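Have a look at the structure below, then the notes.
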Amino acid sequence: MILGDYIEIPQPIELTTPPEKPVAADWSPIVKRLVNLWNNYGGAIAEEAGKYGMLPREAMTVFAVETMGQAFDGNRIVIRVESHIFRKYLPVGFTGPMLIINGTQVREWESLSWAAKFNLDGALLSASWGLPQLMGFNWKVTPYKNVREMVTAFCLSVRPQVAGFFQFCQANNIIEAAITHDWQHFARIYNGIGNVPVYSNRLTEAAKAIDEMEKKGLRFV
Numbered sequence: 004m005i006l007g008d009y010i011e012i013p014q015p016i017e018l019t020t021p022p023e024k025p026v027a028a029d030w031s032p033i034v035k036r037l038v039n040l041w042n043n044y045g046g047a048i049a050e051e052a053g054k055y056g057m058l059p060r061e062a063m064t065v066f067a068v069e070t071m072g073q074a075f076d077g078n079r080i081v082i083r084v085e086s087h088i089f090r091k092y093l094p095v096g097f098t099g100p101m102l103i104i105n106g107t108q109v110r111e112w113e114s115l116s117w118a119a120k121f122n123l124d125g126a127l128l129s130a131s132w133g134l135p136q137l138m139g140f141n142w143k144v145t146p147y148k149n150v151r152e153m154v155t156a157f158c159l160s161v162r163p164q165v166a167g168f169f170q171f172c173q174a175n176n177i178i179e180a181a182i183t184h185d186w187q188h189f190a191r192i193y194n195g196i197g198n199v200p201v202y203s204n205r206l207t208e209a210a211k212a213i214d215e216m217e218k219k220g221l222r223f224v
């Protein structure tokens, strides 16, 4: 398999959206983000959340804060290549410039293509993939046999991407934290101890935004 196999894969039409789609108006950025996530991926998120005993609103809280908010850019999966991770996959004694530049998806894919010339698997392991931005090196939490299988599945559909997020949460024992709204514990495990104040606050604010939405009759059901 070559890198080109992951580029321009047609995104299938699938039922990932909920039956009723609220439309964003003059709402705050977090509410608009929640609405857009629900409108685009609510069906998949709600379905996967139910497998773990999680309500859609709890799942939406973590997706609003911890995910990219977008699964595909055109026909290509959204990625981000991490140069500090790929560095170890470069040839011994490599002294050339590190041509991994983060920014637009065009730049990200150019960076991935450059990295793949040295080590395809290393490039795939060093990038985050799709809506949940699941790092390639986390493929072991998914049911796939290797990173190439995971990336292929993620490129074909948003559903495996959403499933991968929950599989990661389950592997790290933070499903219960989301269900009980223990956002400090969730952030400690998901974002790292140094980021607890920032991310636990963001999760709390997202949960409050959902409370306000429900008061206005907008429910994630």
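Per the numbering used here, the sequence shown starts with residue 4, numbered consecutively.
From the three backbone atoms N, C-alpha and C, an ideal C-beta is built for every residue, glycine too.
The structure presented is a predicted model; accordingly, all values stated were derived computationally and were not measured.
Cβ separation of residue i and residue j, assumed to be a contact under 8 Å, to the nearest whole Å
i, j, result
"R64", "A156", "Arg is not the amino acid found at residue 64; the sequence shown has Thr there. Not quite, the Cβ-Cβ distance comes to about 25 Å (not below 8 Å), so this is no contact."
"Q136", "M71", "5 Å"
"V150", "L127", "5 Å"
"S129", "V84", "6 Å"
"Y44", "L159", "About 15 Å separates the two Cβ atoms, so there is no contact after all."
Status (buried if at least 16 other CB within 10 Å, exposed otherwise) for residue i
i, result
"P59", "buried"
"T145", "buried"
"V68", "buried"
"N78", "exposed"
"R36", "buried"
"V165", "buried"
"P94", "exposed"
"R222", "exposed"
"E17", "Legend: pLDDT at E17 = 47, less than 50; position of this residue unreliable, value from coordinates given subsequently. Exposed, because fewer than 16 other Cβ atoms sit within 10 Å of the Cβ of E17."
Enclosing beta strand (DSSP E) for residue i [first to last residue]
i, result
"I192", "Where I192 is concerned, there is no enclosing beta strand (DSSP E), although the alpha helix (DSSP H) it sits in stretches over W186 to Y193."
"V84", "I82 to V84"
Backbone secondary structure at residue i - three-state DSSP
i, result
"R222", "coil"
"L115", "helix"
"F75", "strand"
"M57", "coil"
"L159", "helix"
"M216", "helix"
"M101", "coil"
"L123", "helix"
"L137", "strand"
Residue i, enclosing alpha helix (DSSP H) - first and last residue
i, result
"W41", "P32 to K54"
"A181", "I178 to I182"
"A130", "That residue, A130, is in no alpha helix (DSSP H); its beta strand (DSSP E) goes A130 to W132."
Cβ pair residue i, residue j closer than 7 Å
i, j, result
"A47", "V154", "no"
"F171", "A180", "no"
"I196", "N175", "no"
"A52", "A62", "yes"
"G125", "Y92", "yes"
"Q187", "V199", "yes"
"S114", "I103", "yes"
"I182", "M101", "no"
"I33", "A212", "yes"
"Y55", "I177", "no"
Any C-beta of chain C under 7 Å from that of residue i
i, result
"V68", "Of the protein chains in this structure there is only one, and it is not chain C."
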